[in-house]
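Q: Chains as they are written, first to last, in the numbering used here: chain W, 1 to 476; chain Y, 477 to 690. All C-beta atoms in this analysis are idealised placements derived from N, C-alpha and C, irrespective of residue type, glycine included. Just so you know, these numbers come straight off a predicted model, no measurement behind them. Here it is, the structure in full.
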Amino acid sequence: MRIRTLASAVLISWCLGASLAFAGGPIVVGGPAVRTRPAFGIDGQAFTWNPAKMPISYRVDPGPMAVNPTGGVVIDHAAGVQRVQSMFAVWQEVATASLSFSNIGNLLPAGSYTGGDLTTAQQFNDVMGSCKAGIQSPVIFDANGALIASLGLPPEVIGFNSGCALDTTNGFLLGSAIVLNGKFQDGINAPTSSPPNYELTATEFDEAIIHEMGHFSGLGHSQINLDLLLQSALPCDVDSLAGLPLMFPVEFCQARKDAGLPVLAPDDVSWISSLYPSPTTVNNYGTISGTVYFGDGVTPVQGVNVIARLIDDPSTPHDESRRVAVSAVSGYLFTGNPGQSVTANMGPTAENNTNGSPAGSRNPTLMGYYQIAVPPGTYTVEVESVYSQFVAGSSVGPLDPPIAMPGHPEFWNQQESAFDFPLQRDTITVHAGDKITGIDIILNSSYPRYDQYEDEGVLFNIPVMNRMLLAKDIVA
Amino acid sequence: MLYGVIYVLDVNQSLRRALLMLSVVSILTVCLHNSSFAQSSARTIPRSLDQLTAEADVIVHGSVTSAKLEPHPQLRNLMTVVVTMRIVETYKGPARKTITFRQYVWSLDESQGATEYGKGQELLLLLRPVSEYGLTSPVGLGQGRFLISTDRKGHVTAVNSRGNVGLFNSVAQRAQAHGLQLSPRVLTVAQQHRGGPIPLTDLQEAIRTFVGTR
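In structure tokens:
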């Protein structure tokens, strides 16, 4: 079984033919067997580390965490290990989640890497090979940024996570790597030098790496309080920063801790608890779920960001609607790429997309479906587009690039239709353990769906207003 | 074709609807999916345009003609994307008609599904010096990669992975400190822009100014 698992991991590391689902929530979701391709994990379930094999083991580069340009050690190995442990502890200490991490020692030798400080790209390559084989999950100290530079990456990179291996039989994460750029902690701030030498406070640096540890744990990106990014009013408003997920795709505000906030936002805590539920999770969360539909009210829409916001409590000085919010992307459990065979024989091999992505379910009931776990309280639910520039490594949800949501952002209300007022909203009161279903949202759009000329008979059932809008389009 | 198949099937309404839904997604995917390659998550600090320009070794505007995923020739455990672009204009570095570069891809998803270098994409790229392993990447990662597009009104705009947020932070002050004369247009953009796509012509003019070729 072990050999089979490792073989699967190696196979999937090297031979993935299509995209994995990067969701607001889980970073990878299992999919079914398709034709001759075997199942990819568990259909419609997030890949996680095996909860029966906690703690999650990682190994640390034996070198120092940060050195200055003359080679002087700024943060030694022992202090670096302590920092890493405290960063992992941020996720581990979520009371409603059941995951833990353990440093099981120095990096294992692999190829040209025979031990000691990992400094070269060749050593990194060899250690990554062992990570891809599921042998070890390395945490690498690039003490002076030289490794990152030799990989052709810019000095602005604080750190990165590289998922290495998956157990595609059982749906578990098997290996993952994190690289920390110690140059940001070398005590020298010379942004105009060539190459630049940037500096971050320990808090800023750690929050960047804790974000990467979120990916290491199986979390994707989340989008909440996007207006903070778009308005670019720095420092960020604290209420909005409180609700801004640490797993937001880009870093641009002041450190959360420096603003007096916990490192993890409610969205981060909710999702890590959903991926690794503990016995207390059900006592602290209820769920809101539903499906997002096109204007026809029957065709589900993939890739729409859905946010549940706690309603503001006017008796407090804070704006709870900005502070307490949890999101999911519609269709986050469904595949972002079901495949097509039309171009399979027309272009390079890379364009053969016959079976689509192995990741994500093909169960039609999961198309456009979302589920959000929220702490008890009264919430509104709203929809918006995933920001168009959140692509590739910054992607949110199953579609990359994201689609522009048909229609304008709107709230859920009890009389959902394709022609309701966007600000018309109803509230949903959630108690611990509640499973509130059917919070379906019909987007306001003159297009019933993208293929507007394929009506499936629904054209004859839609509301008069929508039919009039259609007529306008046909005339135009 | 898919719909034709659905309509001749003698199945009940719910199954037909389910099949239709699946086919809609399939069709959407045909439209959305392209041969592009994933870059993976990395935390970066924000840089302004003058800083990005100074750090870049090569700055070009062009369109992607190919993007091929392959292991690094020496570092076989590291996946890379080899991108070739047809160049319209070079702002920094030797003038050229095409450019080919290799970038490290460290995502769990090493192959498709993202859009950084989709075939046919028009980009303005600020690339770092090539490393000893023949690898490079945009300055500030997505910050130095501007996607060029034309809106419904025919305006040609450019936007990077941060939505251009912070792109002109303190640019005017630094220019003044360095005795750099910004044109009235660039100065206005630098003082007023907070985020979002900017006209390509403004970006080009600003870059030419910072490079010193205006």
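Looking at chain Y, which residues of the stretch 379-399 of chain W have a Cβ within less than 9 Å of any of its Cβ atoms?
A: Within the stretch 379-399 of chain W, the residues whose Cβ lies closer than 9 Å to some Cβ of chain Y are TYR387, SER388, GLN389, PHE390, VAL391, ALA392, GLY393, SER394, SER395, LEU399, listed in chain order.
Q: Would you be able to state if there are at least three C-beta pairs under 8 Å between the stretch 358-367 of chain W and the stretch 328-339 of chain W?
A: Touching, yes.
Q: Which bits of chain W does TYR609 (chain Y) rub up against, with CB to CB less than 8 Å?
A: Here residue 609 (chain Y) is taken as the residue at index 133 of the second sequence, counted from 1. Per Cβ cutoff of 8 Å: ALA121, SER150, LEU151, GLY152.
Q: Rounded to a whole number of angstroms, what is the C-alpha to C-alpha distance between HIS215 (chain W) and PHE294 (chain W)?
A: As a working mapping, residue 215 (chain W) is identified with position 215 in the first sequence. As a working mapping, residue 294 (chain W) is identified with position 294 in the first sequence. HIS215 (chain W) and PHE294 (chain W): Cα-Cα distance of roughly 31 Å.
Q: Excluding the five sequence neighbours on either side, which residues of its own chain have a C-beta within less than 7 Å of the C-beta of PHE252 (chain W), listed in chain order?
A: Counted from its first residue, the first sequence places residue 252 (chain W) at position 252. The answer, listed in chain order, is LEU229.
Q: Taking C-beta pairs closer than 9 Å, name the residues in chain Y that GLN231 (chain W) reaches, listed in chain order.
A: Residue 231 (chain W) sits at position 231 when you count from the first residue of the first sequence. Those are VAL641, ARG670, GLY671, listed as they occur along chain Y.
Q: Mind checking whether SER330 (chain W) and VAL374 (chain W) have CB atoms under 8 Å apart?
A: Along the first sequence, one-based indexing puts residue 330 (chain W) at 330. Along the first sequence, one-based indexing puts residue 374 (chain W) at 374. No.
Q: Quick check: LEU118 (chain W) and GLN136 (chain W), are their CB atoms within less than 8 Å of each other?
A: Counting from 1 along the first sequence, the entry for residue 118 (chain W) is found at position 118. Counting from 1 along the first sequence, the entry for residue 136 (chain W) is found at position 136. No, the pair does not count as a contact, with Cβ atoms beyond the cut-off.
Q: Considering only their Cβ atoms, is the gap separating GLU546 (chain Y) from THR556 (chain Y) smaller than 8 Å?
A: Here residue 556 (chain Y) is taken as the residue at index 80 of the second sequence, counted from 1. Here residue 546 (chain Y) is taken as the residue at index 70 of the second sequence, counted from 1. It is a contact, given that the beta carbons lie within the stated cut-off.
Q: Taking the beta strand (DSSP E) that LYS544 (chain Y) falls in, what are its first and last residues?
A: By 1-based counting over the second sequence, the position of residue 544 (chain Y) is 68. It spans 534-547 - the beta strand (DSSP E) in which LYS544 (chain Y) sits, taken as one unbroken run.
Q: Return no unless some Cβ of chain Y is closer than 8 Å to the Cβ of PRO358 (chain W).
A: The residue you call residue 358 (chain W) lines up with position 358 of the first sequence. Closer than 8 Å: no.
Q: Give a yes or no on whether 8 Å exceeds the smallest Cβ distance from PHE489 (chain W) to chain Y.
A: Since the first and last residues shown for chain W are 1 and 476, residue 489 (chain W) lies out of range.
Q: Could you tell me the boundaries of the alpha helix (DSSP H) in which ASN305 (chain W) lies?
A: Walking along the first sequence from the start, residue 305 (chain W) turns up at place 305. It is not in any alpha helix (DSSP H) - ASN305 (chain W) instead sits in the beta strand (DSSP E) that spans 304-310.
Q: I'd like to know if ILE674 (chain Y) contacts chain W, where contact means its C-beta is closer than 8 Å to some C-beta of that chain.
A: Here the question's residue 674 (chain Y) lines up with position 198 in the second sequence. Chain W contact via Cβ: absent.
Q: Who are ILE178 (chain W)'s beta bridge partners in DSSP?
A: As a first step, residue 178 (chain W) must be located in the first sequence, where it is residue number 178. Beta-bridge pairing links ILE178 (chain W) to W:VAL139, W:ASN161.
Q: Quick one: what does DSSP say ALA651 (chain Y) is sitting in, helix, strand or coil?
A: One-based indexing of the second sequence puts residue 651 (chain Y) at position 175. Three-state DSSP puts ALA651 (chain Y) in a helix.
Q: Specify the secondary structure class of LEU423 (chain W) as computed by DSSP and reduced to three states.
A: Sequence index remark: in the first sequence, residue 423 (chain W) carries index 423 (1-based). Coil, per DSSP.
Q: Of the residues Y:LEU643, Y:SER625, Y:PRO549, which one's Cα is nearest the Cα of THR529 (chain Y)?
A: Here residue 529 (chain Y) refers to the residue found at position 53 when the second sequence is read from its first residue. Nearest of Y:LEU643, Y:SER625, Y:PRO549 to THR529 (chain Y), Cα basis: Y:LEU643.
Q: Can you tell me where the alpha helix (DSSP H) holding SER270 (chain W) begins and where it ends?
A: Within the first sequence, the letter at position 270 stands for residue 270 (chain W). Element bounds for SER270 (chain W): 266-275.
Q: Beta-carbon separation of ILE403 (chain W) and SER327 (chain W) under 8 Å?
A: Here residue 403 (chain W) corresponds to residue number 403 of the first sequence, with the count starting at 1. Here residue 327 (chain W) corresponds to residue number 327 of the first sequence, with the count starting at 1. No.
Q: First and last residue of the beta strand (DSSP E) that includes MET54 (chain W)?
A: In the first sequence, the residue the question calls residue 54 (chain W) occupies position 54. That residue, MET54 (chain W), is in no beta strand (DSSP E); it is neither H nor E in DSSP.
Q: So for GLU382 (chain W), helix, strand or coil by DSSP?
A: For the purposes of this step, residue 382 (chain W) is taken as the residue at position 382 of the first sequence. Here GLU382 (chain W) sits in strand by DSSP.
Q: Whole angstroms is fine: what's the gap from GLY286 (chain W)'s alpha carbon to ALA97 (chain W)'s?
A: As a working note, residue 286 (chain W) is residue 286 in the first sequence. As a working note, residue 97 (chain W) is residue 97 in the first sequence. GLY286 (chain W) and ALA97 (chain W): Cα-Cα distance of roughly 14 Å.
Q: Can you find a C-beta in chain W that's less than 8 Å from the C-beta of VAL606 (chain Y)?
A: On the second sequence, position 130 is the one that residue 606 (chain Y) refers to. Cβ-Cβ to chain W under 8 Å: yes for VAL606 (chain Y).
Q: Rounded to whole angstroms, what's the CA-CA distance from ASN189 (chain W) to ARG650 (chain Y)? Just pull it up for me.
A: Position 189 of the first sequence, counted from the start, is the residue given in the question as residue 189 (chain W). Position 174 of the second sequence, counted from the start, is the residue given in the question as residue 650 (chain Y). Approximately 17 Å, taken between the alpha carbons.
Q: Using the Cβ count rule (16 or more neighbours within 10 Å means buried), how would you classify LYS573 (chain Y)?
A: Within the second sequence, numbered from 1, the residue matching residue 573 (chain Y) stands at position 97. It counts as exposed.
Q: With respect to the beta strand (DSSP E) encompassing SER625 (chain Y), which residues constitute its N-terminal and C-terminal limits?
A: Looking up residue 625 (chain Y) in the second sequence gives position 149. Counting along the chain, the beta strand (DSSP E) containing SER625 (chain Y) begins and ends at 621-626.
Q: Can you name the start and end residues of the beta strand (DSSP E) that ALA634 (chain Y) belongs to?
A: Locating residue 634 (chain Y) in the second sequence gives position 158, where the first residue counts as 1. Note, ALA634 (chain Y): beta strand (DSSP E), 632-635.
Q: Does PHE644 (chain Y) come out as helix, strand or coil in the three-state DSSP assignment?
A: Indexing the second sequence from 1 puts residue 644 (chain Y) at position 168. PHE644 (chain Y): coil per DSSP, three-state reduction.
Q: Confirm, please, whether the CB-CB distance from ILE441 (chain W) to VAL292 (chain W) is below 8 Å.
A: If you number the first sequence from 1, residue 292 (chain W) lands on position 292. If you number the first sequence from 1, residue 441 (chain W) lands on position 441. Their beta carbons are under 8 Å apart, which means VAL292 (chain W) touches ILE441 (chain W) by this criterion.
Q: Hey, how far is the Cα of GLY134 (chain W) from the Cα of TYR58 (chain W)?
A: Here residue 134 (chain W) is taken as the residue at index 134 of the first sequence, counted from 1. Here residue 58 (chain W) is taken as the residue at index 58 of the first sequence, counted from 1. Taking the straight line from one Cα to the other gives about 11 Å.
Q: In or out: PRO155 (chain W) buried (at least 16 other Cβ within 10 Å) or exposed?
A: Numbered from its first residue, the first sequence carries residue 155 (chain W) at position 155. That one is buried.
Q: Quick one: residues in its chain with C-beta nearer than 8 Å to the C-beta of PRO191 (chain W), no 5 flanking neighbours on either side, listed in chain order?
A: Here residue 191 (chain W) refers to the residue found at position 191 when the first sequence is read from its first residue. Here the set comprises ASN197, TYR198.
Q: Check the C-beta distance from ASN125 (chain W) over to LEU551 (chain Y) and give it rounded, since I have them as a contact under 8 Å.
A: Along the first sequence, read from residue 1 onward, the residue named residue 125 (chain W) stands at position 125. Along the second sequence, read from residue 1 onward, the residue named residue 551 (chain Y) stands at position 75. The Cβ separation is near 4 Å, so the contact holds.
Q: Would GLU681 (chain Y) and ARG604 (chain Y) qualify as a contact pair, given that the criterion is a beta-carbon distance under 8 Å?
A: Residue 681 (chain Y) sits at position 205 when you count from the first residue of the second sequence. Residue 604 (chain Y) sits at position 128 when you count from the first residue of the second sequence. No, Cβ-Cβ distance for GLU681 (chain Y) and ARG604 (chain Y) is not below 8 Å.
Q: Cutting at 7 Å between CB atoms, please list the residues of its own chain near VAL157 (chain W), excluding the five before and the five after it.
A: For the purposes of this step, residue 157 (chain W) is taken as the residue at position 157 of the first sequence. Excluding positions up to five away in sequence, the list reads ILE148, ASN181.
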